Structure formats: structure tokens, C-alpha cells
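K.L.:
Residue numbers (the working numbering): 2 to 495.
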């Protein structure tokens with residue numbers, strides 16, 4: 002019983018640990034996946050394409066009017082760029098304009114917007130760029146990777162993938178600005194310096210592992226514990242019921258009304274237990290019927306024939322008693338011998354049907370004498386011990402005596418033992434009979450129900466509310482323990 006409890010506890014903690022690990026590992030994996038996806042997104046060409054598309058939809062239409070004026074309205078272009086930069090966060094809202102700088106000095110929240118007309122002149126830039134005077138020719142070749150993009154834009158390229166680049170964390174985009182008659186009147190150049198986010202993301206993941214993964218693991222452990230507790234509790238009910246059934250107590254049933262696999266298994270086991278109880282009852286009735294038939298057959302084949310022969314001898318003696326006294330006496334002697342044989346046969350049958358050895362002796366005394374006789378006949382050394390001897394109901398004594406006979410018979414027939422021990426232990430409310438040997442033993446798992454002898458033992462005790470435990474292993478002998486409840490009566494202690 003304790004082994005089953007510890008096994009279920011181990012299962013409960015295994016399930017709890019699995020829930021904990023799954024919760025922690027899943028959250029950590031999601032964090033790593035999201036961080037990796039963000040890094041991959043920032044280093045891919047998808048971000049520049051989105052920037053080009055946004056400039057094309059939001060900024061380029063606003064720049065067409067001032068750009069297509071003659072001459073181009075540089076101040077109007079600057080106002081549009083400043084307005085867009087303030088709204089999009091390129092400049093940072095209400096912050097004052099930054100001092101002139103170069104394209105290579107931008108941080109993560111900085112960017113540059115430049116408008117170049119079809120004559121390759123820089124019309125306006127936000128913020129103002131050092132080395133790139135407005136109104137002068139714009140040297141796109143001075144910025145790595147920009148010149149091919151500008152040329153492609155003026156050649157009418159519309160594919161955003163061909164109008165943007167992301168090299169070394171420096172995003173460069175070129176957006177065509179439509180002029181009159183569908184021609185390209187100018188381009189909007191956007192630059193953005195992206196920081197290396199690998200280290201910050203790893204730090205973020207590490208911090209979240211402490212502040213998110215650990216609480217998630219705790220919640221997973223809590224959820225897993227209660228889920229596993231419910232599962233092992235249901236399995237424990239099945240184990241306790243199976244243990245009772247192995248003892249022959251079929252009054253215990255498993256009550257699990259759920260519709261899952263365990264509930265279905267519970268109902269199937271209850272059905273199996275009911276069928277097994279009916280089978281054992283039928284086998285008991287069949288065994289009783291077979292015993293009666295054998296008793297009748299033995300009476301017919303032995304005692305009846307001997308009584309008939311005795312009557313013939315007496316009849317012959319009656320006929321000769323006046324004529325030949327010696328012959329009559331011989332017939333009477335033969336009749337006397339036949340009567341003794343009949344008595345012997347009847348004693349044997351009575352011994353099988355009812356343990357006459359119990360009459361007037363009590364279970365302990367009768368069992369001690371039987372063990373001595375059995376040891377002599379089986380040529381197996383046997384020890385008999387009694388603890389706390391007292392009187393018990395006759396039906397209990399008869400059942401335990403028969404079980405001891407059956408157990409010792411099994412030892413003599415099957416065990417090949419050299420030593421046997423029989424213990425009779427009286428405790429408050431229970432009497433225990435233990436029969437052990439040092440024989441060859443057997444594997445109970447290969448025959449869970451045992452042979453007919455063990456079934457007979459179980460059936461005898463089930464009627465009295467008791468049960469039988471059998472422990473054995475190949476090469477380690479066998480031990481049969483019988484537990485039977487008794488109602489103690491005052492004044493019956495020996």
C-alpha cells in the first residue's frame with residue numbers, strides 16, 4: 002500500500018515538474034524567437050521597403066506642388082519636410098532643430114530627409130547637412146550605396162526593393178517625386194542609422210527571464226500540481242479498488258463519472274470486478290457440488306461396499322452359529338474387520354469435510370498437532386508459533402484450519418522446500434495466519450489469481466470478511482498471509 006502511495010507521489014511530482022519546465026521553456030523560447038525576429042527584421046530589406054512605401058504614400062504627394070513650381074519652392078519643401086519629421090519623430094517633436102551634422106553621425110532616433118531635383122541639386126534637407134550645401138549639386142556618390150538608388154529612381158524604377166538598402170545598420174531609401182507629364186521631378190532621400198540591438202535584446206531577455214520566466218514557472222508548477230493531484234487521486238482510487246479485488250473484496254467500486262479515458266477505464270474495471278465476483282461465486286458453488294459428488298462416490302465405492310460385505314459376514318455367522326461355532330466366529334471376525342475399515346474410511350471422509358481435530362482443542366492446539374503430523378509425513382522441517390492465543394468463533398477456526406491444510410499441502414506438493422514456518426497471531430479484532438517456506442517460489446505476475454488452492458483460500462476468507470496476501474519470487478520461497486476479522490468476547494482469552 003505504501004509503495005503505491007509513494008509511486009503516485011512520484012508521478013504527481015513528475016507531472017508538476019513537467020508543467021513547470023514546459024511553462025518556463027516555452028516563455029523563454031518565445032522571448033528568444035521574438036528577439037531574433039526583431040533583429041532579423043531590422044537587418045532585412047523589409048524595413049527599407051516599408052519606409053519607401055510610406056514616403057511614397059505620405060510625403061511624396063505633399064512635395065509635388067512646391068517641387069514643380071518654377072523655380073522650385075525650396076522653403077515650401079523644407080516646411081513639408083519639417084512637418085513630416087516632427088510628426089514621425091525624426092526630429093523628436095517640439096525639440097529645437099539640431100545643429101548641422103553629417104550623414105554618418107546619426108543615432109537610433111535620428112534620421113535625415115533630403116530632396117534632390119532632376120538637375121541633381123539639393124533643394125532642402127532636414128536637418129541641415131554639413132558638406133551638402135542647398136542649391137548646389139548633390140554628390141550622391143559620397144554616400145555609400147546611394148548613387149545607384151538615385152539613378153534608378155530617375156530612370157523610373159518603382160520597385161521599392163530597388164530603391165532602398167540596409168547595409169551595416171544604415172538604412173537608405175530613395176522615393177521618386179512625380180512631376181508634370183508623369184516625369185520624375187525629383188527624389189526624396191531618407192537615411193536612418195540603426196543601432197546594434199543584439200546586446201540590448203540579450204540583456205532584455207535575461208531580465209525578462211528573471212521577472213517573467215520565474216513567475217511563469219511558479220504558476221506552471223502551481224497549475225501542474227493541482228492538475229497532477231487530480232489525476233493521481235483518480236489513479237489512487239483505481240489502485241485501492243484493484244488491491245481490494247485482489248483480496249477477494251468486491252464490495253469496493255471506483256466512482257468516476259468523467260467521460261475521459263480514466264473514467265471509461267473505471268467503468269470497465271467495475272464491470273470486470275462484478276463479472277469476476279460472479280465467476281468466483283460460481284466456482285465456489287461448483288467446488289461445493291464437486292465435493293458432494295466426490296463424497297457420495299467415495300461412500301458408494303468404499304463404505305457402502307464394506308457395509309454390504311459386513312452384512313454378508315453377519316448373515317453367514319447367523320446361519321452357522323448353531324452348526325459350526327468356529328466358522329461363525331471367523332465370519333464375525335471378518336465382519337469386525339470390515340466395520341473397522343468402514344470406520345477408517347468414514348473418519349477420512351469426515352476429516353476432509355470437517356476438521357475433527359478442532360473438537361475440544363481450539364485452533365492453536367489442533368494446528369500445532371497437525372503441523373507435527375504434516376512435518377513427519379512430508380519429511381519437511383516445520384516450526385509453529387502462536388502469539389496472544391484466545392478463543393475465536395468456530396467458523397473462523399474451521400476456515401483457518403482448512404487454509405493451513407491447503408497451504409501446507411501446496412508446500413509439500415510444489416515448493417521443494419526444506420523448511421516451513423507457520424505463525425498464528427492474535428491481535429485486537431484480527432487473527433493472522435502466516436505460512437512461509439524456503440522453496441523454489443514462483444512469479445505471481447504470471448498467475449495473478451493463483452491456482453485453485455489460492456482461490457479456495459480467498460473464497461473461505463471472503464465469506465468472513467478477510468483477505469489473503471501472497472508474496473513469492475523465483476528462488477526466494479513463498480509466504481501466504483491470511484487476515485480475518487474477529488469479534489472478541491469477554492472471558493474467552495486462554
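A virtual CB, placed ideally from N, CA and C, is assigned to each residue, including glycine.
Computed from a prediction, not measured in an experiment: that's the story for all the values here.
1) For residue 144 versus residue 205, is the C-beta spacing smaller than 9 Å?
2) Taking residue 179 as part of the beta strand (DSSP E), name the residues at either end of that continuous run.
3) So for residue 413, helix, strand or coil by DSSP?
4) What first and last residue would you give for the beta strand (DSSP E) that runs through residue 191?
5) Mind checking residue 85: buried by the 16 CB within 10 Å criterion, or exposed?
6) Where does residue 410 land, buried or exposed, given buried means 16+ other C-beta within 10 angstroms?
7) Can you tell me whether residue 388 is helix, strand or coil according to DSSP?
8) Looking at the unbroken alpha helix (DSSP H) that takes in residue 158, where does it start and where does it end?
9) Is it the case that the Cβ atoms of residue 473 and residue 439 are separated by a distance below 9 Å?
10) Have a look at residue 298 and residue 317 and give me their C-alpha separation to the nearest angstrom.
11) Does DSSP classify residue 139 as helix, strand or coil?
12) Could you tell me how far apart the beta carbons of residue 173 and residue 146 are, in whole angstroms, since I believe they sit closer than 8 Å?
13) What is the C-beta distance between residue 62 and residue 78, in whole angstroms, given that I count them as a contact (C-beta under 8 Å)?
14) Which residue marks the beginning of the alpha helix (DSSP H) containing residue 541, and which one marks its end?
15) Alpha carbon to alpha carbon, how far is residue 90 from residue 165?
16) Across which residues does DSSP place residue 498 in a beta bridge pair?
17) What do you get for residue 212, buried or exposed, if any count of 16 or more other CB atoms within 10 angstroms of its CB means buried?
18) My output table needs one value for residue 205: the three-state DSSP class, helix, strand or coil.
19) Is DSSP giving residue 426 helix, strand or coil here?
20) Any idea if residue 57 is buried or exposed, counting beta-carbon neighbours within 10 angstroms, 16 or more meaning buried?
21) I believe residue 321 touches residue 329 by the beta-carbon criterion, under 8 Å. Please report the beta-carbon distance rounded to the nearest angstrom.
22) Rounded to whole angstroms, what is the Cα-Cα separation between residue 133 and residue 22?
23) Quick check on the DSSP output: the alpha helix (DSSP H) that includes residue 373 runs from which residue to which?
24) Taking the alpha carbon of residue 368 as the point to measure from, which residue in 125, 225, 401 and 255 has its own alpha carbon closest?
25) Less than 9 Å between the beta carbons of residue 65 and residue 178, yes or no?
26) Given this structure, state the Cα-to-Cα distance separating residue 286 from residue 292, to the nearest angstrom.
27) Which residues bound the alpha helix (DSSP H) around residue 312?
28) Out of 17, 433 and 447, state which residue places its alpha-carbon closest to the alpha-carbon of residue 223.
29) With distances taken Cα to Cα, identify the nearest neighbour of residue 399 among 87, 412 and 364.
30) Below 8 Å, can you find three or more Cβ-Cβ pairs linking the segment 414-426 to the segment 244-257?
31) With distances taken between CB atoms, is the gap from residue 430 to residue 488 smaller than 9 Å?
32) For residue 115, name the three-state secondary structure that DSSP assigns.
33) From 184, 387 and 461, pick the residue whose C-alpha is nearest to that of residue 157; which is it?
34) Over the uninterrupted beta strand (DSSP E) stretch that includes residue 473, give me the two end residues.
35) Nearest CA to the CA of residue 50: which residue from 377, 256, 167 and 464?
P.N.:
So, to answer that:
1) If you number the chain shown from 1, residue 144 lands on position 143. If you number the chain shown from 1, residue 205 lands on position 204. Residue 205 is positioned such that its CB atom lies no closer than 9 Å to that of residue 144.
2) Here residue 179 refers to the residue found at position 178 of the chain shown. 171-179 is the extent of the beta strand (DSSP E) around residue 179.
3) Translated into positions along the chain shown, residue 413 becomes position 412. Note: residue 413 maps to helix in three-state DSSP.
4) Reading the chain shown from its first residue, position 190 is the one you call residue 191. Note, residue 191: beta strand (DSSP E), 185-194.
5) As a working mapping, residue 85 is identified with position 84 in the chain shown. Residue 85 should be labelled buried.
6) Taking the first residue of the chain shown as 1, we reach residue 410 at position 409. Residue 410 is exposed by the Cβ-count criterion.
7) Taking the first residue of the chain shown as position 1, residue 388 is located at position 387. Residue 388: strand per DSSP, three-state reduction.
8) Residue mapping note: residue 158 aligns to position 157 of the chain shown, counting from 1. Annotation: residue 158 is outside any alpha helix (DSSP H) and is labelled neither H nor E by DSSP.
9) Counting from one through the chain shown, the residue named residue 473 turns up at place 472. Counting from one through the chain shown, the residue named residue 439 turns up at place 438. Taking 9 Å as the Cβ cut-off, residue 473 and residue 439 do not qualify as a contacting pair.
10) Along the chain shown, read from residue 1 onward, the residue named residue 298 stands at position 297. Along the chain shown, read from residue 1 onward, the residue named residue 317 stands at position 316. Cα to Cα, the separation comes out at about 28 Å.
11) Residue 139 sits at position 138 when you count from the first residue of the chain shown. Coil, per DSSP.
12) Here residue 173 refers to the residue found at position 172 when the chain shown is read from its first residue. Here residue 146 refers to the residue found at position 145 when the chain shown is read from its first residue. Between residue 173 and residue 146 the beta-carbon gap is near 6 Å, inside 8 Å, which marks them as a contact.
13) Along the chain shown, read from residue 1 onward, the residue named residue 62 stands at position 61. Along the chain shown, read from residue 1 onward, the residue named residue 78 stands at position 77. Not quite, the Cβ-Cβ distance comes to about 13 Å (not below 8 Å), so this is no contact.
14) Residue 541 lies beyond the residue range present for the chain, which begins at 2 and ends at 495; the question has no answer from this structure.
15) The residue labelled residue 90 in the question sits at position 89 within the chain shown. The residue labelled residue 165 in the question sits at position 164 within the chain shown. Since pLDDT at residue 90 reaches only 49, below the 50 mark, its modelled position is unreliable, and the value read off the structure follows with that caveat. For residue 90 and residue 165, the distance between alpha carbons rounds to 20 Å.
16) Summary: the structure shown does not reach residue 498, with the chain confined to residues 2 through 495, and so no result is reported for it.
17) As a working mapping, residue 212 is identified with position 211 in the chain shown. Around the CB of residue 212, fewer than 16 other CB atoms lie within 10 Å, so the residue is classed as exposed.
18) Looking up residue 205 in the chain shown gives position 204. Look at residue 205 here: in three-state DSSP terms it is helix.
19) As a working note, residue 426 is residue 425 in the chain shown. Here residue 426 sits in strand by DSSP.
20) Residue mapping note: residue 57 aligns to position 56 of the chain shown, counting from 1. Counting Cβ neighbours within 10 Å, residue 57 comes out buried, since at least 16 surround it.
21) By 1-based counting over the chain shown, the position of residue 321 is 320. By 1-based counting over the chain shown, the position of residue 329 is 328. The Cβ separation is near 4 Å, so the contact holds.
22) Mapped onto the chain shown, residue 133 falls at position 132. Mapped onto the chain shown, residue 22 falls at position 21. Cα to Cα, residue 133 sits roughly 58 Å from residue 22.
23) Taking the first residue of the chain shown as 1, we reach residue 373 at position 372. Start and end: 364-379.
24) For this step, residue 368 is matched to residue 367 along the chain shown. Of 125, 225, 401 and 255, the residue nearest in Cα terms is 401.
25) To locate residue 65, count along the chain shown from 1; it is residue 64. To locate residue 178, count along the chain shown from 1; it is residue 177. Contact flag set, yes.
26) Translated into the one-based positions of the chain shown, residue 286 becomes position 285. Translated into the one-based positions of the chain shown, residue 292 becomes position 291. Their backbone Cα atoms lie some 10 Å apart in a straight line.
27) Indexing the chain shown from 1 puts residue 312 at position 311. First-last of the alpha helix (DSSP H) with residue 312: 305-321.
28) Your numbering for residue 223 matches position 222 in the chain shown. Nearest of 17, 433 and 447 to residue 223, Cα basis: 17.
29) Counted from its first residue, the chain shown places residue 399 at position 398. Nearest C-alpha to residue 399: 364.
30) With a cut-off of 8 Å, the segment 244-257 and the segment 414-426 do not count as touching, because too few Cβ pairs lie within range.
31) On the chain shown, residue 430 is found 429 positions in, with the first residue counted as 1. On the chain shown, residue 488 is found 487 positions in, with the first residue counted as 1. Closer than 9 Å, so yes.
32) Translated into the one-based positions of the chain shown, residue 115 becomes position 114. Here residue 115 sits in strand by DSSP.
33) Within the chain shown, residue 157 is the residue found at index 156, counting from 1. Looking only at 184, 387 and 461, the smallest Cα-Cα distance to residue 157 is reached by 184.
34) In the chain shown, counting from the first residue as 1, residue 473 sits at position 472. Residue 473 -> beta strand (DSSP E) spans 468-473.
35) Against the chain shown, residue 50 aligns to sequence position 49. Among 377, 256, 167 and 464, the Cα nearest to that of residue 50 is on 167.
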